[in-house]
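In what follows, a single structure is set out as structure tokens and then discussed.
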Amino acid sequence: MKIGVFLATAAFVFSEASAFSVPLGSWGRYDSDISQLQLTIDKTESIIEQAAEYFNDSKSLLSPHIYSLWESLARDHPDAVKQALSLSKPVKTSPQSNWLYQVTNDQIPNRKLRIKTPGELGIDSVKQYSGYLDIEDDDKHFFFWFFESRNDPKNDPVVLWINGGPGCSSMTGGLFFELGPSAIGQDLKPIYNPYSWNSNASVIFLDQPVNVGHSYSSKPVKTTVAAGKDFYAFLKLFFQQFPEYSTLPFHISGESYAGHYIPAFAREIISNNDDPNRNFNLSSILIGNGITNPLIQDEYFEPMACGKGGHPAVLNPDQCQFMRDQWPRCKRLLEVCYQNPTALACVPSEIHCGVIKQPFRETGLNVYDMRVPCGNSSLCYVQEEWITEYMNLPEIKLAIGSEVESFVGCDHDVGA
């Protein structure tokens, strides 16, 4: 149990620490670092102390109460610990070399933007760019795909889109399923979308955190500050290369768990208002159906599923009572997290509060639209399977510059 507690700590610390983070319970290409650390630990006290040091989470913030939460976590939720112990296969990549631009800036060291034009894929006839932001000293690579406005690109705003999940690619949700210039049909052919956001704005779709979609990494970003700096570097290098868009209104948009990412990114931009070399201005943020405050939001899963949200109940009375019974402890754990904003203090609430949603998950109904059952896909929409198959076509990956050997539309092992 002691080792299980440590590895659960390790896995979920990454989940809470950063928007650009690592697989939840799946260590990518740095498995050996964790395994070596595990071998040096033989006491519970040492486990927490070394974990806190390893993840830059001071032990002085770990009160006896927080420590006891971890003991109960291993006892009450062994399946969560088991999940944390499971290791995924390393991220496999195939580097490309045919880049149109490679953008650097001496004021932004160890960051490089690689850019190419995707070519004639039939997605849209407008100007397009795709590529990677490389964080060279940390081996992190964030993928993006840009589509110019169909209308008036010299004057229309620029919008950056981020999907949620956490762990879902902006190519799957935003680009090809919701608001991009084309959808993907069952025959893996593009279907023109006349209502695309790029009908009136130039749109950037960004895959983050790392190891989501076409993005990849062997290391995590351990703090939200570092995550924000990477995001800020991407924007400065992008608008440096394309100054024709830098003076236009710029908006950051997203849905679901992007409600967690976007405020942190906006804060990083605003904190650099005095940067004399900043080449863009943030006009607004747009968050749809956002996860922003679980202390407020998590309480309402039960009323919605149990007939108090304008739709007939989809759970029986015993299931509804179970959800109500779990909320007081979930709330207490969330309050501990809010009072002690460290990863080790917040992880117990993430695990226990997830229990509240389990009865609804077992119904097989669509969590995004409880009136209908889920389809074949793990996210209820069969179209996402077509998108994943399309994004893994060799000619598509070559055209857009993708360096991952296997594109996954949504990976719920990725933390946030």
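To convert, count from 1 in the sequence shown and add 99; that's this note's numbering.
Just so it is clear, CB atoms sit at the ideal spot from N, CA and C, and this is done for glycine as well.
Q. Going by DSSP, what residues sit across from P509 in a beta bridge?
A. For the purposes of this step, residue 509 is taken as the residue at position 410 of the sequence shown. According to the sequence provided, residue 509 is Cys. The question's Pro does not apply to it. Looking at the DSSP output, C509 bridges to C267.
Q: Alpha carbon to alpha carbon, how far is S382 from P256? Give it in angstroms, no decimals.
A: The residue given as residue 256 occupies position 157 in the sequence shown. The residue given as residue 382 occupies position 283 in the sequence shown. Approximately 9 Å between the Cα atoms of the pair.
Q) For Y399, is the classification buried or exposed, using 16 other Cβ atoms within 10 angstroms of its Cβ as the cut-off for buried? A) By 1-based counting over the sequence shown, the position of residue 399 is 300. By the 10 Å Cβ count, Y399 comes out exposed.
Q) Shortest alpha-carbon distance to I395 belongs to which of D417, W426, Q418 and L232? A) Taking the sequence shown and counting its residues from 1, the one referred to as residue 395 is at position 296. The shortest Cα separation from I395 among D417, W426, Q418 and L232 belongs to W426.
Q. How about F379 and S345: do their beta carbons lie closer than 7 Å?
A. Indexing the sequence shown from 1 puts residue 379 at position 280. Indexing the sequence shown from 1 puts residue 345 at position 246. Contact: yes.
Q | Where the alpha helix (DSSP H) through W426 begins and ends | A | By one-based count along the sequence shown, residue 426 stands at place 327. From DSSP, the alpha helix (DSSP H) with W426 extends over P416 to Q438.
Q. Do you know whose CA, among P393, C419 and G218, lies nearest A404's CA?
A. Here residue 404 is taken as the residue at index 305 of the sequence shown, counted from 1. Among P393, C419 and G218, the Cα nearest to that of A404 is on C419.
Q | Beta-carbon proximity of D236 to N209, cut-off 7 Å | A | As a position in the sequence shown, residue 236 is number 137, starting the count at 1. As a position in the sequence shown, residue 209 is number 110, starting the count at 1. Contact: yes.
(Q) To the nearest angstrom, how far is the alpha carbon of L212 from that of H164? (A) Position 113 of the sequence shown, counted from the first residue, corresponds to residue 212. Position 65 of the sequence shown, counted from the first residue, corresponds to residue 164. When rounded, the distance between both Cα atoms is 45 Å.
Q. Just checking my contact of Q340 with V202 at CB under 8 Å: how many whole Å lie between their CB atoms?
A. As a working mapping, residue 340 is identified with position 241 in the sequence shown. As a working mapping, residue 202 is identified with position 103 in the sequence shown. Yes, Q340 and V202 are in contact; Cβ-Cβ is about 5 Å, under 8 Å.
Q) Exposed or buried, which one is R460 when buried takes at least 16 other CB atoms within 10 Å? A) Along the sequence shown, one-based indexing puts residue 460 at 361. So R460 counts as exposed.
Q) CA-CA distance, Q457 and M422? A) The residue you call residue 457 lines up with position 358 of the sequence shown. The residue you call residue 422 lines up with position 323 of the sequence shown. Computed Cα separation, rounded: 9 Å.
**Q.** Helix, strand or coil at A300 [DSSP, three-state]
**A.** Here residue 300 is taken as the residue at index 201 of the sequence shown, counted from 1. DSSP places A300 in coil when its eight states are reduced to three.
(Q) Quick check on the DSSP output: the alpha helix (DSSP H) that includes F243 runs from which residue to which? (A) Residue numbering aside, residue 243 sits at position 144 when the sequence shown is read from its first letter. Taken as a continuous stretch (DSSP letters only), F243 belongs to no alpha helix (DSSP H), being part of the beta strand (DSSP E) at K239 to F246.
Q. How big is the Cα-Cα spacing for I495 and G230?
A. Translated into positions along the sequence shown, residue 495 becomes position 396. Translated into positions along the sequence shown, residue 230 becomes position 131. Answer to the nearest angstrom: the Cα atoms are 13 Å apart.
Q | Beta-carbon proximity list for L300, same chain, < 6 Å, skipping 5 on both sides | A | Looking up residue 300 in the sequence shown gives position 201. Reading off the sequence, residue 300 comes out as Ala, not Leu. S248, D255, P256 and V258.
Q. Excluding five sequence neighbours on each side, which residues of the same chain lie with their C-beta closer than 7 Å to the C-beta of N292?
A. Within the sequence shown, numbered from 1, the residue matching residue 292 stands at position 193. Closer than 7 Å at the Cβ level, and outside the excluded window around N292, lie G279, P280, S281 and A282.
Q | Backbone CA spacing between H240 and N310 [nearest angstrom] | A | Walking along the sequence shown from the start, residue 240 turns up at place 141. Walking along the sequence shown from the start, residue 310 turns up at place 211. Cα-Cα distance, rounded: 9 Å.
Q | C-alpha gap between C517 and V471, whole angstroms | A | Here the chain has residues from 100 to 515 only, and residue 517 is not among them.
Q | Contacts around N216, its chain only, beta-carbon distance under 7 Å, and the 5 residues preceding and following it disregarded | A | As a working note, residue 216 is residue 117 in the sequence shown. Here residue 216 turns out to be Thr, not Asn, going by the sequence shown. Same-chain partners within the cutoff: L199, Q227 and Y228.
Q) If you drop the 5 nearest sequence neighbours on each side, which residues of the same chain put their C-beta closer than 6 Å to that of P375? A) For the purposes of this step, residue 375 is taken as the residue at position 276 of the sequence shown. Taken in chain order, the list of residues that qualify is empty.
Q: Taking S355 as the reference, give the member of G474, T391 and Y331 with the closest Cα.
A: For the purposes of this step, residue 355 is taken as the residue at position 256 of the sequence shown. Minimum Cα distance to S355 is reached at T391.
Q | DSSP state of D462 mapped onto helix, strand, coil | A | Here the question's residue 462 lines up with position 363 in the sequence shown. Looking at the sequence shown, residue 462 is not Asp but Thr. Three-state DSSP puts T462 in coil, outside helix and strand.
Q: Measure how close the beta-carbons of M270 and W244 come, nearest whole angstrom, since I'm counting them as under 8 Å.
A: Working through the sequence shown from its first residue, we reach residue 270 at position 171. Working through the sequence shown from its first residue, we reach residue 244 at position 145. Indeed, because the Cβ distance is near 7 Å, the residues count as touching under 8 Å.
Q) Using CA coordinates, which residue listed in P447, Q438 and F275 is at the minimum distance from R174? A) Working through the sequence shown from its first residue, we reach residue 174 at position 75. Out of P447, Q438 and F275, P447 has the C-alpha closest to the C-alpha of R174.
(Q) Need the endpoints of the alpha helix (DSSP H) that H350 sits in, please. (A) On the sequence shown, position 251 is the one that residue 350 refers to. Judged by DSSP secondary structure, H350 falls outside any alpha helix (DSSP H) and instead within the beta strand (DSSP E) spanning F349 to E354.
Q: Determine the burial state of Q438: buried for a count of at least 16 other Cβ atoms within 10 Å of its Cβ, exposed for fewer.
A: On the sequence shown, residue 438 is found 339 positions in, with the first residue counted as 1. Burial state of Q438 is exposed, judged by a 10 Å Cβ sphere holding fewer than 16 other Cβ atoms.
Q. Relative to the C-alpha of K328, which residue among N371, G218 and I351 is closest?
A. Counting from 1 along the sequence shown, the entry for residue 328 is found at position 229. Looking at the Cα atoms, N371 is the closest of the given residues.
Q: Look up W198 in the DSSP assignment and say whether it is helix, strand or coil.
A: Along the sequence shown, read from residue 1 onward, the residue named residue 198 stands at position 99. Residue state, collapsed to three classes: coil.
**Q.** Beta-carbon proximity list for T139, same chain, < 6 Å, skipping 5 on both sides
**A.** As a position in the sequence shown, residue 139 is number 40, starting the count at 1. Residue placement at T139 is poorly supported in this model, since its pLDDT is 36, which falls under 50; the coordinates are not used for a value here.
**Q.** Spatially closest choice to G218 from S505, C509, V503 and L497, by CA coordinates
**A.** Taking the first residue of the sequence shown as position 1, residue 218 is located at position 119. Of S505, C509, V503 and L497, the residue nearest in Cα terms is L497.
Q.
Measuring alpha carbon to alpha carbon, tell me which residue in T487, S196 and Q206 is nearest Q285.
A. Counting from 1 along the sequence shown, the entry for residue 285 is found at position 186. Nearest option by C-alpha distance: T487.
**Q.** For D417 and A365, the rounded distance between their alpha carbons
**A.** Locating residue 365 in the sequence shown gives position 266, where the first residue counts as 1. Locating residue 417 in the sequence shown gives position 318, where the first residue counts as 1. Using only the alpha carbons, I get a separation of about 43 Å.
Q) Start and end of the beta strand (DSSP E) containing A282? A) What you label residue 282 is simply residue 183 of the sequence shown in a count that begins at 1. Segment S281 to I283, the beta strand (DSSP E) holding A282.
(Q) With DSSP as the reference, identify every bridge partner of Y291, one or two as the case may be. (A) By 1-based counting over the sequence shown, the position of residue 291 is 192. Answer is S281.
Q.
Considering only heavy atoms of the ligand ZN, does any lie closer than 6 Å to the CB of Y489?
A. In terms of ligand content, the structure shown is empty, and the ligand ZN therefore cannot be addressed.
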